[in-house]
Amino acid sequence: MEETNFNLPKQTHEIFAIMARGAFISSNGSRDGMNRLYDVINNPENFDRLQAYFNVIRYNIERGNNFFYFSKLNEPNSELEKKLERFERYIDIIDLFASMDNKIGIGSRFRPSEIAEECNANVRLKQKLQKIPLYRSETLHNKVREICELMSRDSYLELEDEKSESYKVLDSYNYLLDVINSIAIYEEGTSASDDNQAIIYN
Amino acid sequence: MSLQVNVKDLLSNLYHNRGVVELLFGQRDHVTVNELLGRDDITEEQYRKLVSLDILYEYENVVSLNDAVVAMFEDFMEIGEVTPGFINDYINELKRHIRFYQEAREMRFLRSIKKYLKRINTTLTREIIKLQKNVDDTYKNESNYRIKLQKLEDYREKRDTIIEFIRQTTSIVDETRNLFNITNDTELFGIVSALKASLIENLDFLIEIQTDITDFINKIQYQLDVYKKAQRLKEVKDHGTLHYKTNFREVVSNINTLKYNGHKTPKTKIPIDFLYSDDGHVLCKRIAEKYKITRLMVRGLADKMAGNFKDKGLEQQIKLDTEKLVERFLNQSKLNLFEYLMDYKFPKAIGNVTFEERLSLFVEIAMEYQNKLDFKYRLQYHDYEAENKVKKRLGYTLIWPLKEKNKKQQA
Chain A
2 MEETNFNLPK QTHEIFAIMA RGAFISSNGS RDGMNRLYDV INNPENFDRL
52 QAYFNVIRYN IERGNNFFYF SKLNEPNSEL EKKLERFERY IDIIDLFASM
102 DNKIGIGSRF RPSEIAEECN ANVRLKQKLQ KIPLYRSETL HNKVREICEL
152 MSRDSYLELE DEKSESYKVL DSYNYLLDVI NSIAIYEEGT SASDDNQAII
202 YN
Chain B
77 MSLQVNVKDL LSNLYHNRGV VELLFGQRDH VTVNELLGRD DITEEQYRKL
127 VSLDILYEYE NVVSLNDAVV AMFEDFMEIG EVTPGFINDY INELKRHIRF
177 YQEAREMRFL RSIKKYLKRI NTTLTREIIK LQKNVDDTYK NESNYRIKLQ
227 KLEDYREKRD TIIEFIRQTT SIVDETRNLF NITNDTELFG IVSALKASLI
277 ENLDFLIEIQ TDITDFINKI QYQLDVYKKA QRLKEVKDHG TLHYKTNFRE
327 VVSNINTLKY NGHKTPKTKI PIDFLYSDDG HVLCKRIAEK YKITRLMVRG
377 LADKMAGNFK DKGLEQQIKL DTEKLVERFL NQSKLNLFEY LMDYKFPKAI
427 GNVTFEERLS LFVEIAMEYQ NKLDFKYRLQ YHDYEAENKV KKRLGYTLIW
477 PLKEKNKKQQ A
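Pasting the structure below:
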């Protein structure tokens, strides 16, 4: 009924179900037809209608580089301590990814065993991985697995093939990169960080 | 090729071993000799023959197709590495033949000019399509960052080379316009105008590729920069100064995603009506099992109903009713059957039972249960009002329950 009244796309429910869970909808996700949902939201007409509709119940669709997510309107952001803890851990994780030879980027596919293997062969990586605070895991492989599971829960990764345990990095990974990029380091002037942000090619 | 082969031999050899050729084309540099000979569609002898014909090469136990064959397939399928060098050769040849034609206006030079003009056109288009495919493929599939960046840079150079060739071709065509006009050759006009149109189109396409490449490189560069930043942040964090030397706290406190702000998915209560349904029962049962509540597990699901359950159900209902009714009647001795039926309070579920229905029930019971009833063969009268307020009188037989004494007498 409402759908005809508001002229909403018929996937509205699915979109809400995913995003209200706090998950991202990425353009290169394939589970549950995620790329299709991305296209639905990305259509400008649909976007305006969905935005207006969700705004009524105080959800706001936020647009990132090839991904969407929800924020709450008129509500102060809460749980600062938990958030700080989470993102401190993400700094550890991204630092690990950054230090690897085969850098993981959007669209790359990898298996936890590959990362564990590389960490095993490189003392520096091994130390980094071991120092990431995680709850259970003893072995390197299980630690990497736990990181992957954590990141899938936060919808940055997608478990593409359960049998081979192969993960794919989704566009929402940009969100993490953006957060890290927006942190300014006050050290010996701010010029250093400016250099990093400059885009080299026209 | 070491042996002289003609086109027919080559084609028939390729065709005979098409399975092998397809495999080797699809999995270049991966197939070993043993793997290949393990297949059903090639024997040792056939393999030797293909190697002797130079169609297959064997190097360190790995089999590969002749490069010329691979290149032919790739050209047709417009895949493979971008090789703008060909265009350069064609342009040089074109220039050479134009010079010849300027010296001596002979048809054979004109034919070559046409040939090379056509070749330049098709090759340019093909190379550009390959370039587009390769750029896309590199960005999506190359896992090593440094190589990825390098490859994209290479493609950018190749793109510049192709643009240079387009410029050269355009200037050659412009310079020789007068010469071409003299020839008065309609075919040449057609080729030149097609070439001109596709040069413009291809230039547009290349500009698009350029923006793609730049975009891809920027994205990768951005990721690399962020990765560097992450490493620096990690350093700061390891020094324990993350909260003091950066605005980490501020940035994180501004994070507005639902997940990181502890918003849970909206939860709804189960409607009570749902619990009465079969699905609801299954749900209850599962919960009962979980918490070991046996009381709930006693009540089971009803069996599946038969297709004609409606008709059957009705019949049974009436029969049961009459049986019970008769039983109750037999257990009392105050009223005769007629009076009993007229006064009997039927269950509410049956609804209002009319006078006529009670009468037919009377007749039915009298006929069906005559052995259990005591027929007095005396008439009694009953006064009632019919629909149109006409007073009517009905005569009926007195029927009483069979008394114990009578039963014995009858026996």
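Keeping their order, the protein sequence lines are chains A and B. Heads up: the first sequence runs through residues 2 to 203, numbered per our numbering. Heads up: the second sequence runs through residues 77 to 487, numbered per our numbering. Cβ coordinates follow ideal geometry from the N, Cα and C atoms, glycine included. The model shown is predicted, which means the values in this text are computed figures rather than measured ones.
Next on the checklist: Between THR333 of chain B and chain A, is the shortest Cβ-Cβ distance under 7 Å, so that the two count as touching?
Outcome noted: yes
Next on the checklist: Closest to ALA442 of chain B by C-alpha separation, out of B:ARG253, B:LEU478, B:THR317, B:HIS339, would be which residue?
Outcome noted: B:LEU478
Item to check | Backbone secondary structure at PRO113 of chain A - three-state DSSP | outcome: helix
Checklist entry - Helix, strand or coil: how does DSSP classify LEU31 of chain B here? => result With chain B covering only 77 through 487, there is no way to say anything about residue 31 of chain B.
Checklist entry - Distance, Cα to Cα, GLN178 of chain B vs SER269 of chain B? => result 21 Å
Checklist entry - Using the beta-carbon of each residue, which ones in chain A are nearer than 7 Å to TYR336 of chain B? => result LYS84, ARG87
Next on the checklist: At a CB distance below 9 Å, what residues from the region 96 to 130 of chain A approach chain B? Give them in sequence order.
Outcome noted: ASP96, LEU97, PHE98, ALA99, SER100, ASP102, ASN103, LYS104, ILE105, GLY106, ILE107, GLY108, SER109, ARG110, PHE111, LYS129
Item to check | Reference LEU85 of chain A; option with closest CA among B:PHE101, B:ASP419, B:ASN337, B:ILE155 | outcome: B:ASN337
Checklist entry - If the cut is a Cβ gap below 8 Å, which residues of chain A does GLN226 of chain B touch? => result Result: empty, since nearest Cβ-Cβ is about 14 Å, beyond 8 Å.
Checklist entry - For GLN208 of chain B, does the count of other Cβ atoms within 10 angstroms reach 16, so buried, or fall short, so exposed? => result buried
Checklist entry - Roughly how many angstroms lie between the CA atoms of THR191 of chain A and ASN182 of chain A, to the nearest whole one? => result Low confidence applies here, because THR191 of chain A scores a pLDDT of 46, under 50, leaving its location unreliable and the question unanswered by this model.
Next on the checklist: Considering only the alpha carbon of each residue, which of B:ASP301, B:TYR221, B:ARG235, B:ASN323 lies closest to TYR187 of chain A?
Outcome noted: B:ASN323
Checklist entry - Pick from A:LEU171, A:LYS11, A:PHE25: whose alpha carbon is nearest that of ILE105 of chain A? => result A:LEU171
Checklist entry - With a cut-off of 7 Å, does the C-beta of PHE234 of chain B fall near any C-beta of chain A? => result Position check: residue 234 of chain B holds Lys in this sequence, whereas Phe was assumed. It does not: the Cβ of LYS234 of chain B has no partner Cβ on chain A nearer than 7 Å.
Checklist entry - Three or more C-beta pairs closer than 8 Å, one from the region 93 to 108 of chain B and one from the region 140 to 147 of chain B: is that the case here? => result yes
Next on the checklist: Below 8 Å on C-beta distance, what does SER183 of chain A contact in chain B?
Outcome noted: VAL327
Next on the checklist: If you follow the alpha helix (DSSP H) that GLY161 of chain B is in, where does it begin and where does it stop?
Outcome noted: 161 to 179
Next on the checklist: Determine whether the beta carbon atoms of LYS234 of chain B and VAL146 of chain B lie at a separation below 7 Å.
Outcome noted: no
Checklist entry - Excluding the five sequence neighbours on either side, which residues of its own chain have a C-beta within less than 6 Å of the C-beta of GLN52 of chain A, listed in chain order? => result ILE62
Checklist entry - Among the residues of its own chain, which have a CB less than 6 Å from the CB of LEU474 of chain B, if the five just before and after it don't count? => result ASN412, LYS452, ARG454, GLN456
Item to check | For GLN456 of chain B, the three-state DSSP class (helix, strand or coil) | outcome: strand
Item to check | Neighbour flag for SER31 of chain A against chain B, beta carbons, 7 Å | outcome: no
Checklist entry - Contact check, LEU228 of chain B vs ILE293 of chain B under 8 Å by CB: the rounded distance? => result 5 Å
Next on the checklist: Among A:ASN47, A:PRO45, A:ILE19, A:GLU46, whose alpha-carbon lies nearest the alpha-carbon of GLY34 of chain A?
Outcome noted: A:ILE19
Checklist entry - In angstroms, rounded to a whole number, what distance separates the CA positions of ARG181 of chain B and GLU277 of chain B? => result 32 Å
Checklist entry - Is the Cβ of PHE71 of chain A closer than 7 Å to any Cβ of chain B? => result yes
Item to check | Exposure of GLN408 of chain B, with buried meaning 16 or more beta-carbon neighbours within 10 Å | outcome: exposed
Checklist entry - When the Cα atoms are used, what is the spatial distance from LEU279 of chain B to TYR221 of chain B? => result 29 Å
Checklist entry - From B:GLY114, B:LYS468, B:LYS125, B:GLU432, pick the residue whose C-alpha is nearest to that of HIS92 of chain B; which is it? => result B:LYS125
Checklist entry - Which residues in the same chain have their Cβ closer than 7 Å to the Cβ of SER24 of chain A, if we skip the five residues on either side of it in sequence? => result Before going further, note that residue 24 of chain A is Ala rather than Ser in the sequence given. Result list for ALA24 of chain A: SER156, in chain order.
Next on the checklist: What does DSSP give as the partner residue(s) for ARG469 of chain B in the beta ladder?
Outcome noted: B:ASP459
Checklist entry - ASN110 of chain A and SER167 of chain A: beta carbons closer than 7 Å? => result Note on residue identity: the sequence assigns Arg, not Asn, to residue 110 of chain A. Yes, the Cβ-Cβ distance between ARG110 of chain A and SER167 of chain A is below 7 Å.
Checklist entry - What does LEU81 of chain A reach in chain B if we use C-beta pairs closer than 9 Å? => result ARG325, VAL328, SER329
Checklist entry - If you compare alpha carbons, which of B:LEU271, B:VAL429, B:LEU417, B:ILE238 is closest to VAL439 of chain B? => result B:LEU417
Item to check | Cβ-Cβ distance between ALA99 of chain A and GLN307 of chain B below 7 Å | outcome: yes
Item to check | Paired residues, beta bridge with GLU63 of chain A - DSSP | outcome: A:TYR70
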